[in-house]
Amino acid sequence: MTGDVETESATATADAMRSFNRFLYGYLALLIIAFLGLLRLFGYPIAIAVALAGHLLIHAPLFTLTGNMRARTDESVAAVRDELSSVENPLTSLWLTDAAQIETDADAGAIHFRRNGPLGLTSKQYRLVATEQPDETIVLTISRDGRSIVTARASVESAEAGTWVALTAERTAVHALSLVMMTLLGSTIDRLYAAHGYDIVDDSHSIGLRVPW
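Our numbering applies: residue 91 is where the sequence shown begins, and numbers increase by one.
Pasting the structure below:
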């Protein structure tokens, strides 16, 4: 990426993380207010039971999310393919906080990166593996704790108007809170793609129910 694009990308990523953290802080505040209200109306047993039931329901991995995007960029095919195969791609930018947290595992052919939660109270490690198929499709897999959470397929084509990228990403085991967050932060995520130099031509998402067996 050029210097201007790198600067815009870093700014958009920081903005996305701030929006993400603000959403979580607001969610936690609502939880506290709701719990105190239940506590005042019904007492400890019912308030705790409702809070636990609500927490389990909101965080139950009941959904799958599939996104399809087609975009144009002025970058060369080689530059785009290199970016999509690294942690610089927009898919992983939302998970990153700083470059010092990136560690390449040459033996496993994978890249490990860590993301801190709100206030730095939690930290989760992710693993990115990028492979190239015989048809030159780039397959990206992001996993955590040995479990795949995002699988994406990207194809890159050269044209007179620039380089075209078609990306399909599927996130499995998505809970309701994540769906609400992605809906509210949709414009922020689009800004992140634009900051990477992608002019989005078509963008669509679909939600499905997850079959646990």
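All C-beta atoms, glycine included, are put in the ideal place defined by N, C-alpha and C.
The straight-line gap separating the alpha-carbon atoms of Asp-235 and Glu-250 is approximately 43 angstroms.
In the structure shown, Asn-158 adopts extended strand secondary structure according to DSSP, grouped into three states. Looking from the CA of Leu-146, the closest CA among Arg-171, Leu-230, Gln-215 and Ala-266 belongs to Ala-266. Thr-227 places its beta carbon less than 8 angstroms from that of Arg-243. Scanning the region 206-245 from its first residue to its last, the whole beta strand (DSSP E) runs of 3-plus residues come out as 213-222 and 228-234.
Here Ser-175 is buried. Its C-beta has 16 or more other C-beta atoms within 10 Å.
Of the candidates Ser-277, Gly-144 and Leu-299, the residue whose Cα lies closest to the Cα of Val-264 is Leu-299. A check of alpha carbon separations from Ala-150 across Thr-156, Leu-142 and Gly-157 identifies Leu-142 as the nearest.
Inclusion of Thr-156 and His-295 in the CB contact set at 8 angstroms is warranted, their separation being smaller than that value. Tyr-134 and Leu-118 have their C-alpha atoms spaced approximately 19 angstroms apart. The straight-line gap separating the alpha-carbon atoms of Phe-110 and Ile-297 is approximately 20 angstroms. In the three-state reduction of the DSSP assignment, Ala-251 falls in the coil class, being assigned neither a helical nor a strand state. One alpha carbon belongs to Arg-162, the other to Asn-179, and they sit about 15 angstroms apart.
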